[in-house]
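Colleague: The opening position of the sequence shown corresponds to residue 1 in full-length UniProt numbering, with each subsequent residue numbered one higher.
Built from N, CA and C at the ideal position, the CB exists for glycine as well.
On a predicted model such as this, the values are computed, not experimentally measured, just so you know.
Submitted below is the structure of interest, expressed as structure tokens.
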Amino acid sequence: MRKNENGLQWIVTETAQKKLHFPWGAWVVCAVLTVGFCLLLTAAFPSVPYPWWAMTAAAILVQAALLIVYQTRIGNWLVPAGIGVLLLLSLALNKFVLPGFGTLANDFLTLLTKKTGKIYLDLAAADAQFLPLAVTVLLLAVSLLLSRSAWSGRMLLALPILLPCYAALLLGLFPIGIGGGLLIIGTVLLMVQHTAEGEALAGVPAQLILPVLCAALCLLMGLSCQDKLNTDMVETMQTQLHQRHYDSDTNSMPEGNLKNLPAWNKSDTPALEVTMEQPEKVYLRGQVYDTYTGTGWKAADTEETAQYEDLFYWLHEAGFYGQSQIALADGYTETATPLSMTIRNLSACSAHGYYPYAVYGSETLAADRIGDTNLPPAESLYYLKGSVPDWYQIQRNLSTAQGRENIETYLSKEQAYADYLRAVDLQMTQDSWAVLQRQLKLDTQTRTISDIRTIIFDYLREAMTYDATARTMNGSGDFLQYTLERSGHGYSVHYATAAVLMLRYMGVPARYVEGYYLSAEDAARYKAGETITLTEENAHAWAEYYVSGVGFVPFEVTPGYIDDEELSLGGDSPDENTYENNTQQFVEVEQPEEINEHKQDRFTFSLNAHYLLLLPLLLILLLAGCIFHRRRVFRKKMAAIDAANDREAIAMRYGYAVCLLRHSTVQFPEDAAEAAELNQKALFSTQEMTPEQRKQVDSFAVRVLDACKGSWTTWEKIRYRLWNCLY
């Protein structure tokens, strides 16, 4: 067959024409990507009725057929036609397809609930019986796009599949695991599969050796570090993002991080501006924590709290919020007038709001959250005046008013909420439980809240010494163990942590809180409506425990902060509930090591931080390896031309020049016709080719290369040299 371009003729023999063959290289790429995709599909969508291997086998068979069809005349139209047919069928059969995709969407919303701790309403248009049809449509679309992408070497076609998968992996929606590792391998293989325009993928196995080895190494490292990559890396990223966007350098509370806790770096830096109608003692809750890990406090595990999605949807729909429970309970027995408060954030952590206890109303609260430790930012709010003795009085009022319908309705919701708290806010680590068993030496008798408060006050008074300069070098060891059995010194963070865990040890749901505190003495210096500036000297940590029927109340145990009212709440406590020692609520955490020295801890922290760079470094190494391999192949081809005899060298050198011209817009050189004629003689004549003729074609190729380099942009020069390897 003859072709003509710009007056230049050359001959393409039949051996250069495309022939139907099975492209093993493209099939391997498709298979790897499909296995990874199906593994992630079954992990993210548990309603899918088929095992991953069955879906993979079916998809691979379809892709094998598609790779053959791509070599025919209809190959170029197969993907747009196939996608179009799938869309038309989905629209025509929407009553059967949409409910299936709705079921997949509900699975994904459930996954989001487990990862974010937010309430997501399920889609009504969902029916599991139509799920097989939806999965079939999805797998056919995936097969079309992946097979065409592997055949043509164009990443763009695979992006609609790969980008959502990688986004889910990076966001931590599911672990990297084998599925994610295979996606990485398949993506790398897809990147290195590059062929000339219009040619079928040959898939030479030798060309895949280096990429496969590099990708396998990436997979092995990913699988061996998957726990770290999905815990330490994600947590480190979240911590750094949080500090960058929300924190100030002056923030003095550790935000739950108790690992090697430094001295309290309090300062006179303004943190909050507060105005109150009636200035009084107030605790402004900032961040509330449920889970103690041994080296810190964290919010409750969203994987566990997801099962309470329906409960909190029901509670919030009824206006029941843990943050406003005191005011809600008071509203059933009293008609107290709420007071206004404004809180302006100056330099405190801006990731959340700062709220007094007994918040009135639910307008500013987060209705989509599971649990009530989240405090959204708000500047203006209303609250009920009072403190712990007043809130205990609310409990008395509820007790005397039982039997009224509205009270019983409220108490039914309160009971459901209290059951949730007993499941979440009694958890401890094995080490902290063992420490308190050794230190408190309590028998198994039941106790009232007043007895428990007295035990905690007495123990901390004897065992702890207040010291704002205390540095707790616990390393990876348990913070409570170090504080109570080695140091014996600390400030509000130490006291609050010990109080919360002792409350939990004795069976009382309790939480750790960081925020700001204004004492009654300081509040008395201000007039109504006057702006009060709270500095980092007002930053504080405290414990809070749950009072039946009323809600969480602060429990102050830090010397210098305890008021007489705290000590007077003793035997006359209205909470008649009794509590038993906690023996079962243990958090599943990695066992702490022996208390490490600071040097060892610095090394551990540095190693964890470098997990953030692991994936980019691996990709850079893979890219460098691919470039090295391609350049090596190019040099071998150029060396083969130099080593060939005159006839073969003329044909190969001319073919190289034509290949260059196809990647540029330059015109053929003036002597192109002469070079083409020499190429035809070298290919088809029996005439002996001379070294002079060889030099003439070599010179032609050099001029073509110079012309192409002159027409290419800087980016094109980099691409054609390092990736396409044309020169």
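#1: Beta carbon of T333, beta carbon of N397: below 7 Å?
#2: I'd like to know whether the C-beta atoms of A44 and F174 end up nearer to each other than 7 Å.
#3: Is the distance from the Cβ of Q63 to the Cβ of S143 below 7 Å?
#4: Which same chain residues, not among the five before or five after R486, have their C-beta less than 7 Å away from its C-beta?
#5: Where T531 and G172 are concerned, what is the direct C-alpha to C-alpha distance, given to the nearest angstrom?
#6: Can you tell me the Cα-Cα spacing of K636 and T690, whole angstroms?
#7: Could you pull out every residue in the same chain whose Cβ sits closer than 7 Å to the Cβ of E590, ignoring the five residues on either side in sequence?
#8: Just to confirm my understanding: we take F108, look at its own chain, exclude 5 residues before and 5 after, and list those with CB closer than 8 Å. What are they?
#9: Where DSSP assigns a beta bridge to G490, which residues make up the other side?
#10: Based on the DSSP secondary-structure assignment, which residues constitute the bridge partners of Q287?
#11: Leaving out five residues before and five after S380 in sequence, what residues of the same chain have Cβ atoms less than 6 Å from its Cβ?
#12: Which same chain residues end up closer than 7 Å to residue 795 when comparing Cβ atoms and leaving out the 5 residues on each side of it in sequence?
#13: Which of the three DSSP states is assigned to K266 in this structure?
#14: Given a cut-off of 7 Å on the beta-carbon distance, is the pair K281 and A523 in contact?
#15: Taking 7 Å as the CB-CB cut-off, is R148 touching chain D?
#16: Tell me, please, which residues DSSP counts as bridged to A59.
#17: Using the three-state DSSP reduction, which class does R471 fall into: helix, strand or coil?
#18: What's the call for I650, buried or exposed, on a 16-neighbour Cβ count within 10 Å?
#19: Could you please give me the residues that DSSP links to Y355 through a beta bridge?
#20: Since residue 735 contacts I68 with CB under 8 Å, what's their CB separation in whole angstroms?
#21: Measuring only the C-alpha atoms, how far is L87 from W77?
#22: Within the chosen definition, does the segment 458-478 reach the segment 260-267 through at least 3 CB pairs nearer than 8 Å?
#23: Go ahead and label P554 buried or exposed: buried means 16 or more other beta carbons lie within 10 angstroms of its beta carbon, across all protein chains shown.
#24: Taking the continuous beta strand (DSSP E) assigned at S380, which residues delimit it?
#25: Would you identify the three-state DSSP class for K709, choosing helix, strand or coil?
#26: Beta-carbon within less than 7 Å of A351's beta-carbon, same chain only, minus the 5 sequence neighbours each way: which residues are those?
#27: Quick check: what's the CA-CA separation for R504 versus W297?
#28: What did DSSP end up calling P691 once you bin it into helix, strand or coil?
#29: On a Cα-Cα basis, can you pick out the residue from L121, L93, A81, A105 that is closest to A141?
#30: Tell me whether the segment 112-122 and the segment 364-377 touch, counting them as touching only if at least three CB pairs, one residue from each stretch, are closer than 8 Å.
#31: Between the segment 668-688 and the segment 640-658, do three or more beta carbon pairs fall short of 8 Å?
#32: Residues bridged to L534 by DSSP?
#33: In its own chain, which residues sit with a C-beta less than 8 Å from the C-beta of E408, not counting the 5 before and 5 after it?
#34: Check for me: the alpha helix (DSSP H) holding N345 runs from which residue to which?
#35: Go to W542, then tell me how far its beta strand (DSSP E) extends in each direction, as first and last residue.
#36: Any idea what DSSP makes of Q99, helix, strand or coil?
Modeller: Here's the rundown:
#1: As a working mapping, residue 333 is identified with position 333 in the sequence shown. As a working mapping, residue 397 is identified with position 397 in the sequence shown. Cβ atoms of T333 and N397: closer than 7 Å.
#2: Taking the first residue of the sequence shown as 1, we reach residue 44 at position 44. Taking the first residue of the sequence shown as 1, we reach residue 174 at position 174. When the beta-carbon positions are compared, A44 and F174 come within less than 7 Å of each other.
#3: If you number the sequence shown from 1, residue 63 lands on position 63. If you number the sequence shown from 1, residue 143 lands on position 143. Their beta carbons are under 7 Å apart, which means Q63 touches S143 by this criterion.
#4: Start at 1 with the first residue of the sequence shown, and residue 486 comes out as number 486. Once the five neighbours on either side are set aside, R486 has no close Cβ partner at all.
#5: The count along the sequence shown starts at 1 and reaches residue 531 at position 531. The count along the sequence shown starts at 1 and reaches residue 172 at position 172. Going by the C-alpha atoms only, they are around 43 Å apart.
#6: Counting from 1 along the sequence shown, the entry for residue 636 is found at position 636. Counting from 1 along the sequence shown, the entry for residue 690 is found at position 690. Each residue's alpha carbon lies about 24 Å from the other.
#7: On the sequence shown, residue 590 is found 590 positions in, with the first residue counted as 1. Confidence at E590 is low in this model, with a pLDDT of 45, below 50, so its placement is unreliable and the value that follows should be read with caution. The answer is none, since no qualifying residue turns up.
#8: For the purposes of this step, residue 108 is identified with residue 108 of the sequence shown, where counting begins at 1. Cβ within range, chain order: A44, F45.
#9: For the purposes of this step, residue 490 is taken as residue 490 along the sequence shown, with counting starting at 1. Its beta-bridge partners are Y466.
#10: The residue labelled residue 287 in the question sits at position 287 within the sequence shown. According to DSSP, Q287 bridges with E514.
#11: By 1-based counting over the sequence shown, the position of residue 380 is 380. Counting only Cβ-Cβ distances below 6 Å, and skipping sequence neighbours, we find T342.
#12: An answer regarding residue 795 cannot be provided, because it is not within the stretch 1 to 727 covered by the chain.
#13: By one-based count along the sequence shown, residue 266 stands at place 266. Three-state result, K266: coil.
#14: Taking the sequence shown and counting its residues from 1, one reaches residue 281 at position 281. Taking the sequence shown and counting its residues from 1, one reaches residue 523 at position 523. In this structure, A523 lies closer than 7 Å to K281 by Cβ.
#15: The structure shown contains no chain D, having only a single protein chain.
#16: Sequence index remark: in the sequence shown, residue 59 carries index 59 (1-based). DSSP output for A59 lists no bridge partner at all.
#17: As a first step, residue 471 must be located in the sequence shown, where it is residue number 471. Coil, per DSSP.
#18: The sequence position of residue 650 within the sequence shown is 650, counting from 1. So I650 counts as buried.
#19: As a first step, residue 355 must be located in the sequence shown, where it is residue number 355. R285, per the DSSP bridge assignment.
#20: The chain is shown only over 1 to 727; residue 735 falls outside these bounds and no answer can be derived.
#21: Taking the first residue of the sequence shown as 1, we reach residue 87 at position 87. Taking the first residue of the sequence shown as 1, we reach residue 77 at position 77. Looking at the two C-alpha atoms, the distance is approximately 16 Å.
#22: yes
#23: For the purposes of this step, residue 554 is taken as residue 554 along the sequence shown, with counting starting at 1. Buried: at least 16 other Cβ atoms inside 10 Å.
#24: Taking the sequence shown and counting its residues from 1, one reaches residue 380 at position 380. Here the beta strand (DSSP E) through S380 covers 380-383.
#25: Counted from its first residue, the sequence shown places residue 709 at position 709. Three-state result, K709: helix.
#26: Looking up residue 351 in the sequence shown gives position 351. Once the five neighbours on either side are set aside, the close Cβ partners of A351 are H242, Y246.
#27: Translated into the one-based positions of the sequence shown, residue 504 becomes position 504. Translated into the one-based positions of the sequence shown, residue 297 becomes position 297. Their backbone Cα atoms lie some 14 Å apart in a straight line.
#28: The sequence position of residue 691 within the sequence shown is 691, counting from 1. P691 falls in the helix class under three-state DSSP.
#29: The count along the sequence shown starts at 1 and reaches residue 141 at position 141. Among L121, L93, A81, A105, the Cα nearest to that of A141 is on A81.
#30: yes
#31: yes
#32: Taking the first residue of the sequence shown as 1, we reach residue 534 at position 534. Beta-bridge pairing links L534 to L272.
#33: One-based indexing of the sequence shown puts residue 408 at position 408. Only Q402 meet the Cβ criterion.
#34: Translated into the one-based positions of the sequence shown, residue 345 becomes position 345. Not the alpha helix (DSSP H): N345 falls in the beta strand (DSSP E), residues 339-345.
#35: Indexing the sequence shown from 1 puts residue 542 at position 542. Unbroken beta strand (DSSP E) run through W542: 539-547.
#36: The residue you call residue 99 lines up with position 99 of the sequence shown. Correcting the residue type first, residue 99 is Pro in the shown sequence and not Gln. Three-state DSSP puts P99 in a helix.
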